[in-house]
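Take the sequence shown: its position 7, counted from the start at 1, is 800 in my numbering, and no numbers get skipped. Structure first, commentary second.
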Amino acid sequence: MRTTLDLPDSLFKEVKTRAVQQGVTLKELLATYIEAGLRGPQRLGRDTVPRNPNSLPVAWEADGTVTPARSNAELYAILEEDEVASFHRVSNQSQPRP
C-alpha cells in the first residue's frame, strides 16, 4: 500500500542514512520501525495520560505542566475581568478624540 508521510528533514535524513548503513531500502526500514512500534510494549508518553472515567479533565501545557483546576468563582472572576477590559477598549475607541 502506498502512503505519504510528512517527516521533518532532519528525521528523513537520519532514517535514509540508517537505511544505507544497514543495506536496506527506505521502505523496508520504515516498515521494520513501524512493525516494531506496533508490536513493542506500549509505554505511556508525555502526551498519553491514563484516564479515570470519574475524574475531571486536566489541562496540560506545552511544557508538560498541569494547569490547576479553577473554581466556578475563579472562572467567573476571570470572565468578568476580560469583559470589563473589552468594555474599556471599546469605549475608549468609540469616544471622539479632542
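In this text, a Cβ means the ideal position worked out from N, Cα and C, and glycines have one as well.
Straight-line gap, residue i to residue j (C-alpha atoms, nearest Å)
| i | j | result |
| --- | --- | --- |
| residue 805 | residue 798 | 10 Å |
| residue 859 | residue 822 | 37 Å |
| residue 835 | residue 829 | 11 Å |
| residue 880 | residue 856 | 33 Å |
| residue 868 | residue 815 | 57 Å |
| residue 875 | residue 800 | 40 Å |
| residue 863 | residue 832 | 40 Å |
| residue 861 | residue 873 | 19 Å |
| residue 885 | residue 870 | 22 Å |
Closest Cα partner of residue i within the set the options
| i | options | result |
| --- | --- | --- |
| residue 794 | 820, 876, 873, 874 | 820 |
Residues sharing a beta bridge with residue i, DSSP
| i | result |
| --- | --- |
| residue 859 | 853 |
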